[in-house]
Amino acid sequence: MASSQGKSKPGRWTTFLNSFKNKSPEQVQPNYVEETSQSLPINAVYYPNWRVYKGFPPSSLNLKFITHIFYAFASVRNQGHLVFSDEYADNEIDIKGDGSVKGCLDDLRSLKKTYPNIKTIISVGGGGEGSALFPSVASNGIVRSSFAQSAKQLVDAFEFDGIDIDWEHPSDPKQGQHYVQLLAALRKELPAPSYILTSTLPAGEWALRNIDLGKASASLDLINLMTYDFSGPWTDLCGHHSQLYSPKTPHNEAARVSCSSTVAYVQSRGVRARKILLGVPAYGRSFLGAAKVGDSFTGHGGEEGTFEYRDLPRPGAVVNFDNEAGAVYCVGGDGGFVSYDDARTVQMKAHFALTEGLAGIFFWTGTGDTLDSRSLVEASYRSLYPRHIDGA
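Numbering (numbering that gives the first Met the number 0), first residue to last: 0 to 391.
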């Protein structure tokens, strides 16, 4: 089990980073054909297709500092057939206004001409209805095989480098068993290292305990841990929603969960550190009427209780840093208490990922970030690749 206090490993990462001294970001991006998925620190983002309607196509991402893009989402249909979730956004919308790029998928392919080492991965499922058919598809061997074949066809047809299974979530041990079998079927159809196979999992032990994580990870290149949403409208008291460390005296059960505790738990269940991507939110969670961790709250501000990082801190709010938890929050304005990550906490999480030997970082979502000096994606990249970026 990895230490939740982040003890440094022997100089593996230092030796590795020194080998990339004076190289550009494009030159050091991972290549799964030449390297295993665990050989390089990964700085990934999720791109949700609905963001194109807000003026953020894939090409608007901070591409110079991204190694992998997870394109969300494709949907599961009966008999295991995969389809894209929004045909207009995915394949028809005029991205540039001149007809030269039609749809987010075309935009995704186009950006790889400039950034050929960026890996693109189609994510299947997501919350709510996006995952509704996973239980029935995964429970039948014939349908599992059809799903895997459909996945390969989609990946090949749209020039993705791999697929991400975002089943939210196997709700009992039987579904957990079927989930493992589904991953095995996918791995058979999408062999490494030619294809990348990942899966996104929650931080809560309530869901993870249904899965044999060691067996699941045997089929996977990466497990994307959603180490955020620890606290929110569903909890009884205000709290950090993506703290790096659990406090010595948690104010409620939700506060016992942290990035470090989740990483330690999945490692104790047989997952190697180098297969873990640590999730970072590019949004904050609002608690109206609260001024500090542990306060009661009266509601939430923003869109469904959240503000994108690009819109934080809120006007008139005071920013505070919780050194014990490795978390930042702002208080005041229209958001009340807003828990989020900034460049400082992202640097801490990237350092944690390196010292614990994790595969790297991913952000939900890349579109919530900024392109200026406050960028979370850039802060993470500069921390994961410090030597060549800073010229040291």
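Where is the CB? At the ideal position from N, CA and C, for every residue including glycine.
Using a Cβ-Cβ cut-off of 6 Å (strictly less than) and excluding sequence neighbours within five positions of V100, which residues of its own chain qualify? I94, D106 and S109
As assigned by DSSP and simplified to three states, the class of A156: helix
So, with DSSP's three-state summary, where would you put S49? Here the sequence assigns Trp to residue 49, which means Ser is not the residue at that position. Note: W49 maps to helix in three-state DSSP.
Where do the ends of the beta strand (DSSP E) carrying S372 lie? Looking at the DSSP string, S372 is not in any beta strand (DSSP E), and its letter there is neither H nor E.
Contiguous beta strand (DSSP E) assignments of at least 3 residues, all confined to the region 42-124: 67-75 and 81-83
Report the option in V265, S295 and D371 whose CA atom is closest to the CA atom of G231. S295
When DSSP labels each residue in this structure, what does V262 get in the three-state scheme? helix
N- and C-terminal bounds of the alpha helix (DSSP H) containing G175: P172 to E188
Whole beta strand (DSSP E) elements within the region 214-290, 3-residue minimum: 221-225, 275-280 and 282-286
Kindly confirm or deny that the region 278-290 and the region 357-377 touch, where touching means at least three C-beta pairs closer than 8 Å. yes
For F146, which three-state DSSP category applies? helix
Cβ neighbour criterion (16 or more within 10 Å) applied to P56: buried
With distances taken between CB atoms, is the gap from S245 to R255 smaller than 7 Å? yes
Of the residues A206, S145, L224 and T354, the one placed nearest H168, counting alpha carbons only: A206
Leaving out five residues on either side along the sequence, give the residues of the same chain with a beta carbon under 7 Å from the beta carbon of T226. A202, S241, C258, T261, L277 and G278
Suppose you measure from the CA of V327 to the CA of S130; what does that come to, to the nearest Å? 32 Å
Span separating the alpha-carbon of M347 from that of L375: 12 Å
Should K274 go down as buried or exposed, given a rule of 16 or more other Cβ atoms within 10 Å for buried? buried
Given S122 as reference, the closest of F64, L189, S218 and S198 once Cα atoms are compared: S198
Report yes if the C-beta distance between S393 and L219 is below 7 Å; otherwise report no. In the structure as shown, the chain begins at 0 and stops at 391. Residue 393 is therefore absent and cannot be evaluated.
Can you have a look at S36 and say buried or exposed, based on whether 16 or more other CB atoms are within 10 angstroms of its CB? With a pLDDT of 48 at S36, under the threshold of 50, the modelled position of this residue cannot be trusted, and the question is left open.
Once you ignore the five residues that flank E302 on each side, which residues in its own chain have a CB closer than 8 Å to its CB? none
Hey, out of G96, K112, N90 and F286, whose CA is closest to G102's CA? N90
Could you pull out every residue in the same chain whose Cβ sits closer than 8 Å to the Cβ of L353, ignoring the five residues on either side in sequence? W12, P40, S382 and L383
Determine whether the beta carbon atoms of K139 and D171 lie at a separation below 7 Å. For the sequence presented, residue 139 should be read as Asn rather than Lys. No; because the gap between Cβ atoms is not below 7 Å, this pair is not in contact.
Roughly how many angstroms separate the alpha carbons of D321 and Y114, rounded to a whole number? 37 Å
For G213, which residues of its own chain have a beta-carbon under 8 Å away from its beta-carbon, when the five flanking residues on both sides are left out? R268, G269 and V270
Sort out for me which residues DSSP pairs I162 with in a bridge. I121 and L196
How many angstroms separate the CA atom of N48 from the CA atom of T297? 32 Å
Starting from the N-terminal side, write out each stretch of the alpha helix (DSSP H) that is 4 residues or longer and does not extend beyond the region 309-361. 342-354
DSSP puts W205 in a beta bridge; with which residues? BP columns for W205 are empty, so no partner.
Whole-angstrom distance between V318 and R186, CA atom to CA atom: 45 Å
List the endpoints of the continuous alpha helix (DSSP H) containing F306. No alpha helix (DSSP H) holds F306; the beta strand (DSSP E) holding it covers T305 to E307.
Leaving out the 5 sequence neighbours to the left and right, which residues in its chain are closer than 6 Å to D165 when beta-carbon positions are compared? S122, G124, G125 and T199
What is the DSSP secondary structure of G298, reduced to helix, strand or coil? strand
Minimum C-alpha distance to D160 - residue among Y45, L189 and Q176: L189
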